[in-house]
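Chemist:
Numbering (mature numbering (1 follows the signal peptide of the UniProt record, and there is no 0)), first residue to last: -27 to -1, 1 to 213.
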C-alpha cells in the first residue's frame, strides 16, 4: 500500500462491502454512489466526492483488480483516474474522471468488475502540542467499478432472474447464466434468513457458487435479495 507519509503510524478502515458508511470516526470523504458503472460507449465516467471534515484532506485514488493489499504502483488495469492525488478542502468537492484505455483489453461479451479505492489523510493540527505523538489516521473507501462493453446482451436489472438454483442436502448451489455480475445480499427460506455467508457475495458471469444452509426445504420457498446498480436491495424468488 502506498502512503503519503511513511513516517506516520497508520490505521485502516476499509469499507469494502459495496455500500457507503458515514459515521463519526469514519471516513470524511463521502462518495456520490456505492458503485461506478462504466458503459463501454462512453469515453469516460465521473465520480463526485465531498470532504465532510472540518479540515482539508489529501486523497489518493486508484483502481485494483480485487486484491486490496496490492500497492497501487504494482497494479495494471485498463483505466486512468484523474486526478490520482489531490487536496480537498473542508466541505468542498472533487470530481474523479475515469477513462478506459483498452490496455489490456477487456472481454466484449461479458461485464468486468474492478475496485475503486479512495485513500484519505486528514491534515495535521498545527496547534496541537503533542502532534508527534499522535497517529496519522488514514481511511480507505472501496467501491465496485463495473465495465459494461457496448452492445452487451441483456440488461443488468434482468440478471438476477438468470440465476439458477438447486438444493442439495444442506447446501444451495446457484449458477449465473447472465453476462453480468450479480451481488447477492441474502438468501431466505419462507422469509427467514437461512445462511449467514451470502452478504456481499458476487457471482461473475457463468460462475457457480455453493452456500451452506442452516435449514433445508423445498426450492419453492427459497428467495434471495440482490444489490442493484443504485445500491438498493431487490427481492427475488429462486428458480431452477
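Backbone N, C-alpha and C define an ideal beta-carbon position, used for all residues, glycine too.
1) Could you spell out where the beta strand (DSSP E) holding residue 93 opens and where it closes?
2) Run the CB neighbour count on residue 205, radius 10 Å, all protein chains shown included, and call it buried at 16 or more, exposed below.
3) What residue does the beta strand (DSSP E) around residue 145 start on, and which one ends it?
4) Can you check the stretch 9 to 36 for any beta strand (DSSP E) of at least 3 residues that lies completely inside it and give the ranges in chain order?
5) Which residues in the same chain have their Cβ closer than 6 Å to the Cβ of residue -27, if we skip the five residues on either side of it in sequence?
6) Taking Cβ to Cβ, would you say residue 147 is nearer than 8 Å to residue 181?
7) From residue 83 to residue 153, what distance separates their C-alpha atoms?
8) Apart from the five residues just before and just after residue 28, which ones in its own chain have a Cβ nearer than 8 Å to its Cβ?
9) Distance check for residue 112 and residue -4, CA to CA, integer angstroms please.
10) Looking only at C-alpha atoms, which of 120, 25, 139 sits nearest to residue 93?
11) Can you tell me whether residue 114 is buried or exposed? The criterion is at least 16 other CB atoms within 10 Å of its CB, across all chains shown.
12) When you compare each of 199, 34, 201, 6 to residue 61 by their alpha carbons, which one comes out closest?
13) Just to confirm my understanding: we take residue 135, look at its own chain, exclude 5 residues before and 5 after, and list those with CB closer than 6 Å. What are they?
14) Please confirm whether residue 17 and residue 54 have their CB atoms less than 8 Å apart.
15) Rounded to whole angstroms, what is the Cα-Cα separation between residue 208 and residue 9?
16) Leaving aside the five residues before and after residue 5 along the sequence, list all residues of the same chain whose C-beta is less than 6 Å from its C-beta, in chain order.
Modeler: Checking against the coordinates, here is how it stands:
1) Within the chain shown, the letter at position 120 stands for residue 93. Element bounds for residue 93: 85 to 95.
2) To locate residue 205, count along the chain shown from 1; it is residue 232. Classification of residue 205: exposed, given that the 10 Å Cβ count is below 16.
3) The residue given as residue 145 occupies position 172 in the chain shown. Segment 144 to 149, the beta strand (DSSP E) holding residue 145.
4) Within the stretch 9 to 36, the complete beta strand (DSSP E) segments at least 3 residues long are 17 to 24, listed from N- to C-terminus.
5) For the purposes of this step, residue -27 is identified with residue 1 of the chain shown, where counting begins at 1. Residue confidence for residue -27 is low, a pLDDT of 43 falling below 50, so the modelled location carries little weight; the figure read from the coordinates is stated next. The answer, listed in chain order, is 44.
6) Indexing the chain shown from 1 puts residue 147 at position 174. Indexing the chain shown from 1 puts residue 181 at position 208. Yes, the pair counts as a contact, with Cβ atoms nearer than the cut-off.
7) For the purposes of this step, residue 83 is taken as residue 110 along the chain shown, with counting starting at 1. For the purposes of this step, residue 153 is taken as residue 180 along the chain shown, with counting starting at 1. The alpha-carbon atoms of residue 83 and residue 153 are separated by roughly 6 Å.
8) Translated into positions along the chain shown, residue 28 becomes position 55. Once the five neighbours on either side are set aside, the close Cβ partners of residue 28 are 63, 95, 96, 98.
9) Reading the chain shown from its first residue, position 24 is the one you call residue -4. Reading the chain shown from its first residue, position 139 is the one you call residue 112. Residue placement at residue -4 cannot be trusted, given a pLDDT of 38 that sits under 50; what the coordinates show is reported in the next sentence. Within the model, the alpha-carbon separation for residue -4 versus residue 112 is close to 13 Å.
10) Taking the chain shown and counting its residues from 1, one reaches residue 93 at position 120. Nearest option by C-alpha distance: 25.
11) For the purposes of this step, residue 114 is taken as the residue at position 141 of the chain shown. That one is buried.
12) Taking the chain shown and counting its residues from 1, the one referred to as residue 61 is at position 88. Cα-wise, what sits closest to residue 61 is 34.
13) One-based indexing of the chain shown puts residue 135 at position 162. For residue 135, the CB contacts under 6 Å within the same chain, skipping 5 residues up- and downstream, are 150, 151 in chain order.
14) One-based indexing of the chain shown puts residue 17 at position 44. One-based indexing of the chain shown puts residue 54 at position 81. Not in contact: residue 17 and residue 54 (Cβ atoms no closer than 8 Å).
15) As a first step, residue 208 must be located in the chain shown, where it is residue number 235. As a first step, residue 9 must be located in the chain shown, where it is residue number 36. Straight-line Cα distance between these residues: approximately 22 Å.
16) By one-based count along the chain shown, residue 5 stands at place 32. Excluding sequence neighbours, residue 5 sits near 21.
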